[in-house]
Each structure stands twice: as structure tokens, then as C-alpha cells.
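With positions in the sequence shown counted from 1, the corresponding number in our numbering is that position plus 43.
Every residue gets a Cβ at the ideal spot worked out from N, C-alpha and C, and that includes glycine.
What follows is a single structure, written as C-alpha cells, with notes after it.
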Amino acid sequence: MKESLVRLLEQAVESLKAKGVLPADAEPSIQIERTRDKEHGDLATNLALVSSKLAKKNPRQLAAEIIENLPESSLVFKVDIAGPGFINFFLNPNWLAEQVDAALADPRLAVPVVAEPQTIVVDYSSPNLAKEMHVGHLRSTIIGDAVSRTLDFLGHKVIRHNHVGDWGTQFGMLLAHMEEVRKEGGEISMQLSDLESFYREAKGRFDASEAFADRSRQLVVELQGGDAYCNQLWREFLDISLNHCQELYDRLNVALTREDVVGESAYNDDLSKVVEDLKAAGMLTEDQGAQCVFLDEFKGQDDEPLPLIVQKKDGGYLYATTDLAAVRHRQKVLEADRILYFVDHRQSLHFKQMFAVARKAGFAKEETRLEHMAFGTVMGEDGKPFKTRSGGVAKLADLLDEAEARAYALVREKNTDMPEQELRNIGRVVGIASVKYADLSKNRTSDYVFSFDNMLSFEGNTAPYLLYAYTRVASIFRKAEIGKEELSGDVLFGEEVEKDLAGKLAQFGEIVNTVAVKGCPHFLCGYLYELAGVFSSFYQSCPILNCEDDATKQSRLKLALLTAKTLRQGLGLLGIETLERM
Ligand code: ARG
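Here is the structure:
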């Protein structure tokens, strides 16, 4: 509805320009805020205040002229001028009621697809395959997934890229260890079922034996040179490691599949080309044998220039070279309009430099948006980066096990007579939802504290609270002797809180758009939490099934139904399942 109001105001501005009240080239920015106090209507704008200088009029007078020039619309039923020149809008209840019906009649809940769909590459999860996924991969995986789902929903063409680390020098060491295990008659697939210890053993051998280290280095060279035997070993390793990732994605309800894996190795053949292109563009400088790009805007301490190194002295390529090749591919072949990177904030400088070099070299077009969607660290309750009780890195699989076990214990306490199988399922859904929601509901740019107790609480902005709100509506419909499809009659606003609920519901599309633009799912979480809160007030003060008057009952059921659908759709965009009872 903000959008619709902006459009009305834009038209008023155009009329005022035509009348010479505003200069023809004026482009005032139109801001709409929600009012805190119902006395001031539902929405307000400071447009008259910010453009009074342009019009050479006092703001209240300009506000009056803006109002006179607003086109006819069913959206608002009253417009006021307040204070120094704010314009307050009172939404038309009939319009709100129509919104409820329109949303109920549409599987998309009346959220339109975008007028101009973009091709958007989303680079997320992207673990290094040498090791098992740990808590550090949680954020990229689930925030990236929620934003991808949201962009999909809005009708964009989303290309998911899991830019896995499958090509580094560690692979030499891992392949050498595979060889040894095989020589000793061991079963590789067995040993690889625990990637962590396999990595540790390989590293142990690498550090202890010169011969092993030499063999490792030789294997990297052969692998990168395309040797068939090495490639075979490497594929075996990747297969097992990717299966492990896939198990976690499936458990987490993350939409990534094997088809989305476009790892570092995929760009191997492009790396020399990237360096050649940079050279041809006159962007390369040799520094101590390495090939570097220096850009004026990047300075280190003491103002000395900071290079982006693209080729080492020994001819090897780097993380940045691969990323440049990836941008180039995403632009030239995939024709991306936007490329989003969900990567830890500690890589900020890397992305800034890489984006600048990519643009200067023409790998990315001027108008293509390259966005580092940075996120903060998951902290422990001790205020340090999250570790296991024994001080090691927390494996993601173990964390999910614990969340599910705790959630199961909680729901079992509350539902002593529920069948075991259903309890298990609820435990699973609530456990996973809690871990995801706790993360998604925090502003992505800040650190947050990982706390099982907080995330599993039934109070506050948590998954259990929202899932529970959803089941409450589901239970109303189980008890109602009327089907969801049979509701009829007008939506009525006898009580103020019914109008509040309809107003909140009408904001859904706006919020979804914000998530898509900013790449911040916490806006959606905050919204769903508020929605559940308004619903709860409505539920307390407006009897639904015991309501005598049938028209009011039908109207309230409609509001309840749309609340449930909105919660379900919203949680769905976050990659969170709902339950019919818990
Ligand atoms: N594998 C990298 C890491 O674990 C993240 C890759 C992110 N994506 C990228 N295009 N650089 O740090």
C-alpha cells in the first residue's frame, strides 16, 4: 500500500509541475512512514516539508496544494495536514477489506510478480570441501537460501551457485592420503565418512613426512594439469564430500542440489584467460614476481598501495583469480543483472577489490549490481566465536542433532498422549526451524549469540512462537464447522483490532520486496512476529467460533485464514516448514 500511495503522490507532483507550482525538473524523494499514533492516520509523508524550498511556499500551504492535486483513489478516505506540514493518510476500511479478499483468492496472496524480472546469480553456502560443514557455514547457507526463495517468488530468474572450494592445494594432501590408505588395504569410503579426522590425518602425515609432502605437491600439479588418475581420486573424494553437504541441505530444507554446484574447479580453464585479459587492459603490475592489480582507491597501512594478486610467482592462481573468472562467466554467459554473494564480512576487502577490478576490466557491466551480502559471526554464550563444549569447531550436523533432540524433549513434555512418530516429526521441524529462525531473525550484518535456550523458547521472536501461532489458527478451522473454501460475505471491522490485523496483512508484499532488495530476511521475520502479535490481540478480544452473529464470524474466520496463509507463506520464503499441530 505504500507503493500505491507513492504513485498517487507522484501524480500530484506531476500536476503541480504542470501548474508551475514546482519547477519542471524537480524530483523530490517521496518518503512514506507508518504513523505511531492512530490519531495521525495510518501513513504519513514529509513531502511538503522537503519540497517547500523548491516551491518557494510554506510547507503547510504546499501540503494543501498537494492534497488538492491527489488523484481520486479508493485507498484513502481522509487526508490531513499536521504540525509543520506533514500529510497524514487515513486508509479506507473498504479498501483494506478488499485487500483481504483479494489475497485470500490468490495463491500468491496478491503479491504481484515484478514487472521487470532480472537474472540474479546467488552465490551461497560455498563451503570448502576438504572438511566437514561447520557452524561457520550456517549463515551463508540459510540466509542465501531465504533470499533466493524470495527472489524466485517475486518472479526473478534465480541462478543458485554453490561456489564450493574444491581446487585448493589441500587436495594434494588429501589425495596423497587416499593413496596411502588404499596401499594399506583400507576402505576409502569408510574412512571418508568422517571428513574431519581424514583431513586431520592427512595434515598429520603432511607435517611429519617430507616424502608425503612432496607427493602431495606433485599430486596438486598433476590434478590441475588434468592427469586422469588424479582426477579419478579427486572425484571420489568430492563425491563423498558433496553427499555430506547434500544431506545437510536436505535436513535444513535448503533448496540447493548437486546441479547448483559450480565450484572453483569449474573456472580452471578460464584463469589464464583472466590474467591475459587484465594484461591486455594494461592493468597488471609485476611485484616480487607476482602478477598484481593496483587500484588507487585501495591503500593499506601507511598509505602504501594494496594489490589484488592474481598470479603467484610460481605461476599458481589464487582465490581472487577464480572469483574474477566467476564474475566474467556470470556476466558473459549467464547474463546476470545482479550477482549476490552471501559471504562472511571478513572477506569484505576481497570483494571490494575484486568488484572494482572486475568492473575496470569490463568483466562486469556498469549497470550490473555486484553485492557482497556480508554477515557477522555466530558467537557462543561466552561472547567468543561459537565452539563446542570441548573447544573444537562445532559440526553443523551435531548442532542440528542437538536442536532436534532438545525440541523433541520439549514437545514431549507438552503432549504426553501424542504418538511417538508424530512427536519425532514435530521435534525435527521445531528443532531445525529454531536454528534457522534464530539466525534469520537477526540483522545479517551483526554477530549474534547462539543459544539453544533462547531459540527454543515459546516466547518472543522465535520459531516456536510463530509455529505455535500457526497451529492455533489451524485448530480453529478443525473446530469450525465450515470449510476454508466456504467463507463468504464482507470483511467487517467492528473492532479496531480487526482493522489493525487487516492492515498488517496488507503489508506482506511490501516486506517481501524489501527482503529481495536488501537481502535481509530479518525484515520478514520481524514482520511475521508482529503479525502473530496482532493476531494474538485479535484472538483475545474477538471471539471467532463463539461469535453469535454469522456475518462477523465469517469475517473473523477470513482474517484468521489469511493470517495462517501469510504465516505459512512467509515461513516458506524463509525455508521453514509449518505444522498443523504441536
Ligand atoms: N569457499 C569460501 C570460504 O569458505 C567461500 C566462497 C564464497 N564465494 C565466493 N565466490 N568467493 O571461505
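- Boundaries of the alpha helix (DSSP H) around residue 394: 391 to 403.
- If you draw a straight line from the Cα of residue 570 to the Cα of residue 551, it is about 8 Å long.
- Here DSSP, grouped into helix, strand and coil, assigns residue 438 to strand.
- Each of 166, 169, 170, 171, 206, 208, 366, 369, 384 and 386 has a C-beta closer than 6 Å to some heavy atom of the ligand ARG; these make up the full list, in chain order.
- If the five residues before and after residue 603 are omitted, its C-beta is found closer than 7 Å to the C-beta atoms of 516, 519 and 587, all from its own chain and listed in chain order.
- For residue 177, the secondary structure class from DSSP, reduced to helix, strand or coil, is strand.
- Bounds of the beta strand (DSSP E) holding residue 384 are 381 to 384.
- Out of 582, 583, 182 and 234, the CA that lies nearest to the CA of residue 384 is found in 182.
- Cα atoms of residue 359 and residue 428: separation of roughly 32 Å, rounded to the nearest angstrom.
- DSSP, read as helix, strand or coil, puts residue 429 in coil.
- Residue 540 and residue 206 have their alpha carbons spaced roughly 48 Å apart.
- For residue 192, the secondary structure class from DSSP, reduced to helix, strand or coil, is helix.
- Annotation: the continuous alpha helix (DSSP H) that includes residue 104 extends over 102 to 111.
- From the listed residues 283, 59, 124 and 143, the smallest Cα separation to residue 544 is found for 143.
- Counting C-beta atoms within 10 angstroms of its own C-beta, residue 145 has fewer than 16 neighbours from the protein chains shown and is therefore classed as exposed.
- Along the length of the segment 295 to 372, whole alpha helix (DSSP H) runs at least 4 residues long occupy 314 to 323, reported in chain order.
- In the DSSP annotation of this structure, the continuous segment of the beta strand (DSSP E) that includes residue 200 starts and ends at 200 to 204.
- Within the model, the alpha-carbon separation for residue 610 versus residue 193 is close to 14 Å.
- If you draw a 10 Å sphere on the C-beta of residue 392, you find fewer than 16 other C-beta atoms in it, and that means exposed.
- Distances from the alpha-carbon of residue 284 to those of 467, 176 and 475 put 176 closest.
- Here DSSP, grouped into helix, strand and coil, assigns residue 86 to strand.
- The C-alpha of residue 394 is placed about 33 Å away from the C-alpha of residue 247.
- The residue from 220, 210 and 379 with its alpha-carbon nearest to that of residue 414 is 379.
- Judged by DSSP in its simplified three-state form, residue 209 adopts coil rather than helix or strand.
- Straight across, the Cα-Cα distance linking residue 451 with residue 466 is about 7 Å.
- Within the segment 510 to 577, complete alpha helix (DSSP H) segments of at least 4 residues are found at 539 to 548 and 551 to 561, given in chain order.
- Residue 189 is a Cβ neighbour of residue 616, given a cutoff of 8 Å.
- For residue 475, the enclosing alpha helix (DSSP H) stretches over residues 463 to 483.
- In the three-state DSSP reduction, residue 244 falls in the helix class (H, G or I).
- Taking the Cα positions, residue 236 is about 27 Å away from residue 203.
- Ranking 523, 526, 165 and 406 by CA distance to the CA of residue 316 puts 406 first.
- Comparing alpha carbon positions, the residue from 352, 279 and 596 closest to residue 217 is 279.
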